[in-house]
Amino acid sequence: MTLDRRSFNKALLAAASAGFLPALPAWAQELKSLKIIAPAGPGGGYDQLARAVQDVLMKEKIATSVQVQNVPGAGGTIGLAQFINAKDRDPSLMVAGFGLVGAPVINKSPVTLEQTTPLARLQGEYQPLFVAADSPIKTVTDLVNKFKQDPGSVTWGGFAHGSPDHVLCGLVAKAGGGDVKKMNYIPVGTGGEMLPLVMNGKITVATGGLNEVASQFKVGKLRSIGISSPERLPGIDIPTFREQGVDATLVNWRGLMAPPNVSAEDKQALEAAVAKLVQSESWKKLLQEREWVDLYMPSAQFGTFIKEEQARITAILKELGLG
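Right, here's the structure in full:
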C-alpha cells in the first residue's frame with residue numbers, strides 16, 4: 364500500500380491532543396488513491412455508504428482519488444471472498460454490515476468477516492416492529508404473548524431469510540419465551556411491497572428500517588409497537604423492547620474493513636483517515652441529511668463487537684434453521 368506521508372493538519376493534531384480522536388501516526392494520512400469495495404449492487408445500503416465515504420474523503424482532501432467497485436452476489440459473500448483473496452494489496456477497503464455476519468453461515472461460504480481487519484463501525488439504524496393501525500396488538504408484550512399461545516396466529520414479515528429483519532423477529536420471539544422454530548416468517552421484497560400486506564392484515568407484524576415506515580406512522584396507517592434500540596432514541600416516541608420486558612436489541616450497522624494481514628503502519632494510516640472523516644463537518648452533515656444514526660466505533664472496539672455479533676447471530680440463525 365503506497366501512502367503519502369505529509370505533515371499533520373494542525374486542527375487534527377489539536378483534536379487528537381484534546382482526546383477527541385484516537386492516537387494517530389506521526390506522519391500524515393492523505394491517500395493518493397483508494398478503492399472501496401461495496402459487496403452488493405448499486406443503490407443498496409452498502410453502496411450508499413461506500414459512495415458517501417468516497418464523497419467525504421475527497422471533499423475533505425483526505426484522499427486524492429477514491430473508486431467504488433460493486434461486487435454483488437450471495438448476500439455479499441462474493442465481494443467478501445474477492446476482498447480477502449485479492450493479491451493486489453493496493454489501498455483498499457470494503458463496506459460491511461450486519462448482513463455479512465450471517466450471509467457466510469447461510470451460504471456455507473468458506474470465507475467469513477473475521478478474516479478481514481475491522482477498521483471502523485460508522486452508521487446504522489435501529490428497527491421498529493409495526494402492525495396495522497387497527498390491530499388489536501398494542502405492545503410487543505401483546506405480540507409475544509399471542510405468539511406463545513398460538514404460534515400459527517402470528518405471521519412475521521421482513522426482508523429475506525437470514526436478513527436483519529428475520530434475525531430481529533427471531534430475537535424478539537425468543538426473548539418473549541416463544542419457540543422460534545414455530546415462527547411463520549414471510550420474506551417480502553421492498554418496503555413498498557410489504558407495507559400494504561401489513562395494512563391489510565395479511566401479515567400480523569413486520570419490521571424494516573425506521574425511515575422506510577416513519578411516514579406511515581405519522582399518517583396513522585401503521586403503528587409501531589417497539590424498537591430495537593437499547594435506549595429510547597432522541598426525538599422518536601417509540602418504546603424500546605427492553606422497557607416492555609422483552610430483552611431484544613439489534614442495530615443494522617455498517618462499517619469499513621481493511622484487508623487481511625494489513626501492516627500495522629498502513630492500518631494506523633487508515634485509522635487516521637477514518638478518524639478525520641468522522642470528525643469532519645461534511646460527514647456530520649451527511650449523517651443528518653440521510654437520517655443515519657452515528658454509530659462510530661474505532662478499530663479495537665469494532666473488532667470485539669464483530670466477534671460478539673458473530674456468536675449471537677450464528678446462534679439465532681441455527682435456531683431459525685438456517686445455520
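Under this note's numbering, read the sequence shown as residues 364 to 686, first letter to last.
Ideal placement from N, C-alpha and C gives every residue a C-beta, glycine not left out.
Computed from a prediction, not measured in an experiment: that's the story for all the values here.
Check, Outcome
"What residues in its chain sit with their C-beta under 7 Å from that of Ile-676, if we drop five residues either side in the sequence?", "Val-464, Gly-465 and Val-530"
"Label Ser-587 either buried or exposed according to how many other C-beta atoms from any shown protein chain fall within 10 Å of its C-beta, with 16 as the threshold for buried.", "buried"
"Once the 5 residues before and after Gln-417 are set aside, which same chain residues still bring their CB inside 7 Å of it?", "Ile-399, Val-429 and Val-431"
"Please go through the same chain and pick out, in chain order, the residues whose beta-carbon is closer than 7 Å to the beta-carbon of Gly-515, but skip the five residues on each side of it.", "Asn-547"
"Assuming Lys-565 is part of the beta strand (DSSP E), what are its boundary residues?", "That residue, Lys-565, is in no beta strand (DSSP E); it is neither H nor E in DSSP."
"List the endpoints of the continuous beta strand (DSSP E) containing Arg-617.", "614–621"
"Spatial neighbours of Glu-606 within its chain, please: CB distance less than 8 Å, with the 5 preceding and 5 following residues excluded, ordered by chain position.", "Arg-595"
"Which value, in whole angstroms, describes the spacing of the CA atoms of Pro-405 and Leu-397?", "19 Å"
"Can you tell me which residues form a DSSP beta bridge with Asn-433?", "Ala-401"
"Looking at C-alpha atoms only, which residue of Ser-591, Leu-560, Asp-600 and Glu-652 is the closest neighbour of Lys-584?", "Leu-560"
"Cutting at 8 Å between CB atoms, please list the residues of its own chain near Gly-540, excluding the five before and the five after it.", "Val-507 and Lys-511"
"For Arg-653, which three-state DSSP category applies?", "helix"
"Pull up the distance between the alpha-carbon of Pro-305 and that of Val-656, whole angstroms please.", "The structure shown does not extend to residue 305, since the chain is modelled only from 364 through 686, so no value can be given for it."
"If you follow the beta strand (DSSP E) that Asn-470 is part of, which residue opens it and which one closes it?", "Where Asn-470 is concerned, there is no enclosing beta strand (DSSP E), given that its DSSP letter is neither H nor E."
"Please state whether DSSP places Gln-490 in a helix, a strand or coil.", "coil"
"Opposite Glu-455 in the DSSP bridges: which residues?", "Note that residue 455 is Ser in the sequence shown, not Glu. Lys-398."
"Helix, strand or coil: how does DSSP classify Ser-587 here?", "strand"
"Scan the segment 480–534 and note each continuous beta strand (DSSP E) run of 3 residues or more that stays entirely inside, going in chain order.", "480–489, 491–495 and 518–521"
"Could you tell me whether any Cβ in chain D is nearer than 8 Å to the Cβ of Gly-436?", "Note that chain D does not occur in the displayed structure, where there is just one protein chain."
"Considering only the beta carbon of each residue, do Gln-353 and Leu-412 sit closer than 8 Å?", "With the chain represented from 364 up to 686, any question about residue 353 goes unanswered, as that position is not in the structure."
"For the alpha helix (DSSP H) holding Ile-599, just list the boundary residues, first then last.", "Looking at the DSSP string, Ile-599 is not in any alpha helix (DSSP H), and its letter there is neither H nor E."
"Distance, Cα to Cα, Gln-579 vs Thr-504?", "22 Å"
"Measure the C-alpha to C-alpha separation of Leu-640 and Tyr-659 and round it to an integer number of angstroms.", "11 Å"
"Roughly how many angstroms lie between the CA atoms of Leu-534 and Leu-613, to the nearest whole one?", "9 Å"
"Check whether the segment 442–450 and the segment 614–624 are in contact - that is, three or more C-beta pairs closer than 8 Å.", "yes"
"Comparing alpha-carbon positions, which option in Arg-484, Gly-564, Glu-628 and Gly-525 lies nearest Thr-667?", "Arg-484"
"Let me confirm a value: Glu-652 is counted as buried when at least 16 other C-beta atoms fall within 10 Å, else exposed. Which label applies?", "exposed"
"What does the alpha-carbon distance come out to for the pair Met-557 and Lys-648?", "31 Å"
"If you measure between the beta carbons of Gly-438 and Gly-460, is that distance less than 8 Å?", "no"
"Do Pro-481 and Phe-665 come within 8 Å of each other at the CB atom, strictly closer than that value?", "yes"
"Excluding the 5 residues flanking Met-421 on each side, which residues of the same chain have their C-beta closer than 6 Å to its C-beta?", "Val-429"
"Kindly indicate which residue of Ala-426, Glu-423, Leu-476 and Thr-427 has the alpha-carbon position closest to the one of Asn-448.", "Leu-476"
"So which of Ser-455, Pro-435, Pro-402 and Lys-471 has the shortest CA-CA distance to Gly-714?", "Absent from the model: residue 714. The displayed extent of the chain is 364 to 686, so no value can be given."
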